[in-house]
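A.B. asks: Numbering (this note's numbering), first residue to last: 81 to 447.
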């Protein structure tokens with residue numbers, strides 16, 4: 081079976097969430113027998129972030145040519161195309177198509193990402209004012225993929241598609257068990273480090289303000305904000321509590337991120353809504369506990385390993401973090417975190433997508 085994967089959302093230089101999802105799933109799809117896999121790219125520089133596989137080049141996903149991109153993809157004669165987004169153009173396609181919905185965050189939090197072109201941001205806002213555009217797009221595909229049971233439930237609740245919906249979850253490239261074991265053995269040091277990490281953007285729904293207030297209530301603690309922040313974001317967060325110890329890293333490499341995870345007391349996030357939460361899996365994979373907002377998708381990811389607090393309750397966040405000052409509790413959470421992280425793998429997600437693709441063509445299942 082000829083399977084093509086839309087890799088045009090792959091970032092150049094460093095992955096974001098969708099880019100990492102693309103690379104992780106494609107890498108494992110390539111290992112499955114019976115699949116003739118081709119990557120669809122829009123910039124040859126994307127190849128440095130992707131596996132060494134056959135590829136075709138078409139126009140970019142934000143191009144005005146996007147509604148007709150299927151006519152370019154047809155030239156590769158795929159049986160099935162998987163897109164990691166729901167906006168891939170479908171006019172004139174001659175293949176089966178599965179589109180991906182990562183989350184429904186922007187219906188309740190309509191502020192678009194600031195790095196999108198201006199005309200795309202306008203369309204973004206219009207798109208998220210009603211459910212019917214989403215329904216129209218999804219029902220033009222043959223199937224829908226999503227990354228969590230939580231989002232699949234929301235798709236059903238809002239009747240967004242008549243097509244089958246398959247869950248292929250996000251994952252992370254976990255370190256070996258030695259790193260997780262070393263974390264548990266260092267419980268005394270890590271519990272006393274009073275170092276908290278936040279990995280994510282500063283958009284309103286991320287609710288970073290609660291984390292800042294919580295750190296202000298935790299004497300001796302430092303909150304490391306790892307992503308790039310604008311000067312306006314820095315001033316806004318510092319003004320919330322001038323006594324809170326904040327360190328803005330303005331972006332870190334994967335190596336720096338992993339080193340910080342291996343030194344931290346916990347990773348924290350107070351998001352009001354998410355489609356998944358890859359940093360939770362990354363942190364738990366290193367045996368670093370997570371303290372997160374009590375929302376359904378974080379319960380799905382963190383299970384019994386994570387610690388939870390109400391999203392807007394800074395005092396509860398602070399008291400929950402303080403539980404990890406006890407080395408025995410920290411060690412117990414560390415061991416449970418690694419076990420929980422192993423529930424997520426790119427191989428399992430690729431298998432779910434491969435089985436979906438095979439089903440769309442009516443062929444026998446891959447081995």
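Using N, Cα and C, we set each Cβ at its ideal position, and we do this for glycine too.
Roughly how many angstroms separate the alpha carbons of residue 430 and residue 272, rounded to a whole number?
C.D. replies: Rounded to the nearest angstrom, the two C-alpha atoms are 40 Å apart.
A.B. asks: Pick out the complete beta strand (DSSP E) segments inside the region 354-402, 3 residues or longer, and give them in chain order.
C.D. replies: Runs found: 370-373, 387-389.
A.B. asks: Between the region 106-122 and the region 132-144, are three or more C-beta pairs nearer than 8 Å?
C.D. replies: Touching, per the Cβ criterion.
A.B. asks: Is the beta carbon of residue 341 sitting closer than 8 Å to the one on residue 304?
C.D. replies: Against a cut-off of 8 Å, the Cβ pair of residue 304 and residue 341 comes out as no contact.
A.B. asks: So who's on the other strand from residue 275, going by DSSP bridges?
C.D. replies: According to DSSP, residue 275 bridges with 302.
A.B. asks: In angstroms, rounded to a whole number, what distance separates the CA positions of residue 165 and residue 360?
C.D. replies: Each residue's Cα considered, the two are about 22 Å apart.
A.B. asks: In or out: residue 162 buried (at least 16 other Cβ within 10 Å) or exposed?
C.D. replies: By the 10 Å Cβ count, residue 162 comes out buried.
A.B. asks: Which full runs of the alpha helix (DSSP H) of 4+ residues lie inside the region 154-208, going along the chain?
C.D. replies: The qualifying runs are 185-188, 198-207.
A.B. asks: So which of 234, 114, 116, 85 has the shortest CA-CA distance to residue 106?
C.D. replies: The option with the nearest alpha carbon to residue 106 is 85.
A.B. asks: Whole alpha helix (DSSP H) runs in the region 91-149 with 4 or more residues, listed along the chain?
C.D. replies: Entirely contained in the region 91-149, the alpha helix (DSSP H) runs reaching 4 residues are, in chain order, 97-109.
A.B. asks: Comparing C-alpha positions only, which one of 130, 114, 108 sits nearest to residue 93?
C.D. replies: The candidate whose alpha carbon is nearest that of residue 93 is 130.
A.B. asks: In the DSSP assignment, find the beta strand (DSSP E) that holds residue 86 and state where it starts and stops.
C.D. replies: Its beta strand (DSSP E) spans residues 82-86.
A.B. asks: Who pairs with residue 282 in a beta bridge, going by DSSP?
C.D. replies: Its beta-bridge partners do not exist; DSSP assigns none.
A.B. asks: Looking at the secondary structure, which residues open and close the beta strand (DSSP E) in which residue 227 lies?
C.D. replies: First-last for residue 227: undefined, no H or E at that position.
A.B. asks: Kindly identify the DSSP beta-bridge partner or partners of residue 349.
C.D. replies: The partner list for residue 349 (beta bridge, DSSP) reads 372.
A.B. asks: Considering only the beta carbon of each residue, do residue 367 and residue 229 sit closer than 8 Å?
C.D. replies: No. Outside cutoff.
A.B. asks: What's the gap between the Cα of residue 343 and the Cα of residue 416?
C.D. replies: The alpha-carbon atoms of residue 343 and residue 416 are separated by roughly 18 Å.
A.B. asks: Quick one: residues in its chain with C-beta nearer than 8 Å to the C-beta of residue 134, no 5 flanking neighbours on either side, listed in chain order?
C.D. replies: Contacts found: 117, 118, 119.
A.B. asks: Going straight from the alpha carbon of residue 320 to that of residue 398, what length do you get?
C.D. replies: Distance between the alpha carbons of residue 320 and residue 398 is about 15 Å.
A.B. asks: Hey, would you say residue 82 sits closer than 8 Å to residue 147, going by beta carbons?
C.D. replies: Against a cut-off of 8 Å, the Cβ pair of residue 147 and residue 82 comes out as no contact.
A.B. asks: Where does residue 254 fall in DSSP's three states?
C.D. replies: Residue state, collapsed to three classes: coil.
A.B. asks: With DSSP as the reference, label residue 332 as helix, strand or coil.
C.D. replies: DSSP places residue 332 in coil when its eight states are reduced to three.
A.B. asks: Do the region 303-318 and the region 389-407 meet, that is, are 3 or more Cβ pairs less than 8 Å apart?
C.D. replies: Result no; under three Cβ-Cβ pairs closer than 8 Å.
A.B. asks: In terms of DSSP beta bridges, what is residue 247 paired with?
C.D. replies: Bridge partners of residue 247: 226.
A.B. asks: What does DSSP give as the partner residue(s) for residue 326 in the beta ladder?
C.D. replies: Bridge partners of residue 326: 303.
A.B. asks: For the alpha helix (DSSP H) holding residue 417, just list the boundary residues, first then last.
C.D. replies: 407-421 is the extent of the alpha helix (DSSP H) around residue 417.
A.B. asks: Throw me the rounded Cβ distance for the residue 227 and residue 355 pair, which I believe falls under 8 Å.
C.D. replies: Indeed they touch by this definition, with Cβ atoms about 6 Å apart.
A.B. asks: Taking the alpha helix (DSSP H) that residue 426 falls in, what are its first and last residues?
C.D. replies: Its alpha helix (DSSP H) spans residues 426-441.
A.B. asks: Find the nearest neighbour of residue 198 within the set 156, 143, 237, judged by alpha-carbon distance.
C.D. replies: Of the candidates 156, 143, 237, the one whose C-alpha sits nearest the C-alpha of residue 198 is 143.
A.B. asks: Among the residues of its own chain, which have a CB less than 6 Å from the CB of residue 376, if the five just before and after it don't count?
C.D. replies: 230, listed in sequence order.
A.B. asks: Along the chain, where does the alpha helix (DSSP H) containing residue 404 start, and where does it finish?
C.D. replies: Looking at the DSSP string, residue 404 is not in any alpha helix (DSSP H), and its letter there is neither H nor E.
A.B. asks: Excluding five sequence neighbours on each side, which residues of the same chain lie with their C-beta closer than 6 Å to the C-beta of residue 352?
C.D. replies: Answer for residue 352: 285, 287, 391, listed in chain order.
A.B. asks: Of all the options 310, 155, 364, 189, which has the alpha carbon lying nearest to the alpha carbon of residue 208?
C.D. replies: Ranking the options by Cα distance to residue 208, first place goes to 189.
A.B. asks: Can residue 449 and residue 215 be called in contact, C-beta distance under 8 Å?
C.D. replies: Nothing can be reported for residue 449: it is not among the residues displayed for the chain, which extend from 81 to 447.
A.B. asks: Please report the distance separating the alpha-carbon of residue 432 from that of residue 324.
C.D. replies: Near 44 Å, if we compare the C-alpha coordinates of residue 324 and residue 432.
A.B. asks: What did DSSP end up calling residue 89 once you bin it into helix, strand or coil?
C.D. replies: DSSP places residue 89 in coil when its eight states are reduced to three.
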